[in-house]
Amino acid sequence: MARISAEKPYLDVKGLQIDEWLELVFTPEKKRKFRFIDYEFPTDDLCRSYIASLSVRSDADIKNLLRCFLIPTGGLGHDSTILHNWCESDQLLEQIDTTEYGRRLIRGHAWEGITWILDLLPPWPQFAVNALDAYIRAHAQVLPDGRFRGLCDVLTVIRAKYLSAIQPKEVMECLSPREFEFLIAALFRAKGYKVRVTSQSRDGGADVLCWKHEGIVVEKHLVECKHHAGAIGVPVVRQLAGVVSETGASKGVVVASSSFSNPAIAFANKTGRVQLIDFTGLNKELNKHIGTRWSDRLPEIVAIEQRMEAKEVAECANPSINTDATR
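Residue numbering for the sequence shown is 90 to 416, as defined by my numbering.
Right under this line is the structure:
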């Protein structure tokens with residue numbers, strides 16, 4: 090139920106349109122005439138309608154709604170029921186010893202709020218998703234059903250608005266093919282790989298070498314970068330598959346600022362050793378690992394990666410250099 094006086098009559102909002110319901114939600118609590126569901130989307134249809142309208146809603150309006158769904162610091166009405174049940178079943182002492190929620194419950198403020206994840210939006214939506222996912226996992230057993238669904242609704246909105254947001258392809262026009270390679274290197278570095286952009290005069294091989302240690306196993310990816318307007322054909326995929334086979338790399342990846350032809354997709358699926366990332370997929374990966382404002386920061390991202398590349402090359406060439414002294 091809404092977090093207002095229980096003396097007010099209850100209003101069934103399931104038949105309302107999305108903007109009608111939002112008008113009620115954004116009405117200050119002191120001015121509300123009814124109690125109603127405001128901590129989750131009351132129906133799947135309302136959720137779908139809201140998701141479909143995200144492109145015309147501001148970040149501020151979206152945050153205002155998510156703030157209603159997120160758990161605030163303090164207590165929830167459900168807490169007294171949990172406390173009573175634990176007392177009746179002699180579980181209270183055990184819960185106090187084993188859970189932070191139990192320790193907070195007996196002090197009168199059972200919930201440490203999660204509204205702070207809004208400070209991660211819009212730049213870092215994946216961090217917001219990770220934090221909220223952990224919060225849900227930690228409190229799944231004590232969350233009221235409606236609150237649980239409300240937090241899941243928050244995840245749905247963040248993923249749809251920020252992680253799946255697609256920038257126009259034109260944002261890449263400011264990059265040269267070489268700068269595009271450094272952008273892809275920055276992406277894989279953000280994903281936890283060590284990276285090396287290969288020489289422009291390379292003969293075969295790949296544009297970016299990526300490797301990561303997984304225990305005693307070294308995962309090595311060969312990345313081919315194609316900054317073109319047209320669809321990438323099967324010859325590019327076939328050539329990279331051959332290099333992967335010859336070098337014993339874990340996988341090949343072709344990243345394109347455009348798209349791939351159907352034969353190229355079919356060949357990649359058949360080999361199982363080459364992954365294709367078109368502009369749509371690249372956009373989502375950049376949103377997730379670089380942040381949703383990557384399109385505004387393209388020159389900065391490329392420049393930072395070029396500098397890191399140059400620094401690492403210099404250190405490899407002369408390990409005795411104390412790079413800290415030059416900062």
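Ideal placement from N, C-alpha and C gives every residue a C-beta, glycine not left out.
Because the structure is a prediction, the values reported are computed rather than measured.
Distances from the alpha-carbon of PRO117 to those of ASP134, CYS157, LEU194 put CYS157 closest.
DSSP places ALA141 in the helix class (H, G or I) of the three-state scheme. Bridge partners of ARG285 according to DSSP: LEU298. For GLU308, the uninterrupted beta strand (DSSP E) run begins and ends at 306 to 315, by DSSP. Rounded to whole angstroms, ARG248 and PRO214 show a C-alpha spacing of 8 Å. Looking at the DSSP output, LEU365 bridges to VAL343. Collapsing the DSSP output to three states places TRP213 in coil. For THR170, the enclosing alpha helix (DSSP H) stretches over residues 167 to 177. Residue pairing by DSSP places ILE321 opposite PHE349 in a beta bridge.
By the neighbour-count criterion, in which 16 or more other beta carbons inside 10 Å mark a residue as buried, ASN376 falls on the buried side.
Linking ALA330 to GLY319 through their CA atoms gives a straight-line distance of about 21 Å. Separation of the CB atoms of ALA345 and ILE321 is rounded to 5 Å, and the pair is thereby assigned contact status at 8 Å.
In the structure shown, TYR224 adopts helical secondary structure according to DSSP, grouped into three states. The closest CA to that of SER253, considering only THR369, ARG362, THR287, THR204, is found on THR369.
VAL332 is positioned such that its CB atom lies no closer than 8 Å to that of HIS310. Within a 10 Å sphere around the beta-carbon of ALA199 sit 16 or more other beta-carbons, which makes this residue buried. Each residue's CA atom was taken as its position, placing MET261 and ARG285 some 21 Å apart.
Apart from the 5 residues on each side of it in sequence, ARG278 sits with its Cβ closer than 6 Å to the Cβ of VAL284 in its chain, given in chain order. For LYS152, the uninterrupted alpha helix (DSSP H) run begins and ends at 148 to 158, by DSSP. One Cα belongs to ILE273, the other to ALA353, and the distance between them is close to 20 Å.
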